[in-house]
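Since the structure comes first, as structure tokens, the remarks are kept for the end.
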Amino acid sequence: MTTTPSFDDAVSPLPAGAGRLAGKVALITGAGSVGPGWGNGRAMAALFAREGARVFGLDRDLTRLKETAERVRAAGGELHSAQCDVTSGAAVAAAVQACVERFGRIDVLVNNVGGSAKGGPEEMSEEVWDAQIDHNLTSVFLLCKHALPHLVRNENGAAIVNISSTSGLRWTGAAQVAYAATKAAVIQFSRVLAVQYAPQRVRVNTVVPGQLHTPMVEVRLAGQRAGGDVDALLAQRQARIPLPFMGDGRDTAHAALFLASDEARFVTGTEIVVDGGMSVRCG
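Here's what the structure looks like:
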């Protein structure tokens with residue numbers, strides 16, 4: 476089975492007090508991973524910790540956070556884990572409060588939860604449509620709703636990084652109408668929030684990953700789209716990408732790190748597309 480690349484070079488420890496997120500508290504949803512390796516959430520949690528952040532990681536399955544916690548500790552960082560159904564307002568409110576009680580503040584919010592379901596309007600049931608809306612969009616709304624009262628208290632500013640998808644920009648090889656619609660909505664949601672909260676120094680930006688090689692490929696997508704043939708699916712995806720290699724969770728993490736850091740202090744209401752040029756390719 477094809478495996479995702481190593482991320483060891485990105486999680487080596489830094490000296491105490493060093494790093495681009497030193498002193499910041501980062502709340503990251505979907506910080507586990509559906510399988511071994513570097514999913515976007517796990518990569519962000521480990522890289523943020525390496526760069527000095529104290530990380531509060533949420534996932535609906537605590538077992539998925541075990542490897543993340545091990546990676547964070549290997550980076551010399553700090554991570555506190557909590558189980559949370561991010562489609563539940565009560566659960567999100569409790570998780571945000573737990574983060575504040577643990578660390579005293581929130582400086583960075585990363586909304587990373589998401590997942591696709593195949594089909595267009597005729598094939599897709601109303602139940603699947605509703606679940607996609609909740610999973611991919613309502614989750615972002617709920618985390619922002621409950622975290623913003625804490626983010627606006629930071630005199631030096633705060634950052635929200637939402638994770639969308641190139642499916643929200645263009646056709647990406649399969650009919651997944653609910654996923655595409657919700658990921659497009661995340662981009663516009665972020666733009667509106669950016670303008671609304673700019674006077675309070677809360678920056679809101681979006682990372683738009685393309686067809687990356689994350690554990691999701693092996694665990695879920697290959698079965699949905701290539702009869703379980705991982706290599707065949709990877710070849711299909713690579714054929715759409717102008718660069719001669721496929722990105723992975725590291726690439727999402729580094730884009731999110733920039734947007735979360737003070738280096739992006741004058742960046743808000745925009746997107747970083749991480750797709751190897753796929754979304755600008757004709758055909």
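Count along the sequence shown from 1, then add 475; that gives the number in this note's numbering. Where is the CB? At the ideal position from N, CA and C, for every residue including glycine.
How should residue i be labelled, buried or exposed, when 16 other C-beta atoms within 10 angstroms of its C-beta is the threshold for buried?
i: Trp646; result: exposed
i: Gly752; result: exposed
i: Ser600; result: exposed
i: Gly724; result: buried
i: Asn611; result: buried
i: Gln663; result: exposed
i: Arg577; result: exposed
i: Leu718; result: exposed
i: Phe531; result: buried
i: Val749; result: buried
i: Asp536; result: exposed
i: Asp704; result: exposed
i: Ala565; result: exposed
i: Asp726; result: buried
i: Val670; result: exposed
i: Ala730; result: buried
i: Ala728; result: buried
i: Ala570; result: buried
i: Ala520; result: buried
On a Cα-Cα basis, can you pick out the residue from the options that is closest to residue i?
i: Arg539; options: Glu598, Cys559 and Val627; result: Cys559
i: Val679; options: Leu709, Ala735, Gly552 and Gln713; result: Ala735
i: Ala707; options: Phe720, Pro717, Asn611 and Val692; result: Val692
i: Lys620; options: Phe720, Leu668 and Glu746; result: Leu668
i: Leu522; options: Leu623, Gly552 and Pro719; result: Gly552
i: Ala710; options: Gly648, Met519, Glu630 and Glu545; result: Gly648
i: Ala606; options: Tyr672, Val652, Thr641 and Ala566; result: Val652
i: Gly579; options: Arg666, Lys541 and Arg529; result: Arg529
i: Ile716; options: Asp726, Gly744, Glu602 and Val755; result: Val755
i: Ser642; options: Glu630, Arg712 and Val547; result: Arg712
i: Val500; options: Ala570, Gln671, Ser508 and Val575; result: Val575
i: Gly722; options: Ala622, Ala518 and Arg740; result: Ala518
i: Glu630; options: Leu732, Gly507 and Ile581; result: Ile581
Consult DSSP for residue i and reduce its assignment to one of helix, strand or coil.
i: Ser611; result: According to the sequence displayed, residue 611 carries Asn and not Ser. Reduced to three states, the DSSP call for Asn611 is helix.
i: Gln558; result: strand
i: Gln671; result: helix
i: Ile635; result: strand
i: Thr777; result: Since the displayed the chain opens at 476 and closes at 758, residue 777 lies outside it and no answer follows.
i: Phe664; result: helix
i: Leu732; result: helix
i: Ala521; result: helix
i: Phe443; result: One cannot answer for residue 443 here, as it falls past the ends of the chain, which runs 476 to 758.
i: Phe578; result: helix
i: Thr538; result: coil
i: Asn515; result: helix
i: Pro690; result: helix
i: Gly594; result: strand
i: Pro624; result: helix
i: Ala501; result: strand
i: Phe616; result: helix
i: Arg712; result: helix
i: Val571; result: helix
i: Thr647; result: coil
i: Arg529; result: strand
i: Val583; result: strand
i: Glu746; result: strand
i: Arg678; result: strand
Throw me the rounded Cβ distance for the residue i and residue j pair, which I believe falls under 8 Å.
i: Ala524; j: Ala493; result: About 12 Å; that fails the 8 Å criterion.
i: Leu554; j: Thr543; result: 7 Å
i: Val465; j: Gln675; result: Only positions 476 to 758 of the chain appear in this structure, which leaves residue 465 out of reach.
i: Ala633; j: Val583; result: 7 Å
i: Ser556; j: Tyr654; result: Not confirmed; about 27 Å, so no contact.
i: Gly505; j: Gly498; result: About 24 Å separates the two Cβ atoms, so there is no contact after all.
i: Gly594; j: Ala660; result: Actually they do not touch by this definition, with Cβ atoms about 18 Å apart.
i: Leu496; j: Glu545; result: Not quite, the Cβ-Cβ distance comes to about 20 Å (not below 8 Å), so this is no contact.
i: Glu746; j: Thr657; result: So it is not a contact: roughly 15 Å between Cβ atoms.
i: Ala673; j: Leu502; result: 21 Å between Cβ atoms; not a contact.
Run the proximity test for residue i: is its beta-carbon closer than 8 Å to any non-hydrogen atom belonging to the ligand FAD?
i: Pro674; result: Looking for the ligand FAD in the displayed structure turns up nothing, as the structure carries no ligands at all.
task = Decide if the stretch 583 to 590 is in contact with the stretch 637 to 657; the criterion is three or more beta carbon pairs, one per stretch, under 8 Å apart.
result = Remark: three or more beta-carbon pairs, one from each stretch, lie closer than 8 Å, so the stretch 583 to 590 and the stretch 637 to 657 are flagged as touching.
request  = Report yes or no: do three or more beta-carbon pairs, one from the stretch 612 to 622 and one from the stretch 553 to 567, lie closer than 8 Å?
outcome  = Note that the stretch 612 to 622 touches the stretch 553 to 567; at least 3 beta-carbon pairs, one per stretch, sit closer than 8 Å.
message = With three or more beta-carbon pairs closer than 8 Å as the criterion, would you say the stretch 677 to 691 touches the stretch 504 to 516?
response = With the cut-off at 8 Å, the stretch 677 to 691 and the stretch 504 to 516 touch.
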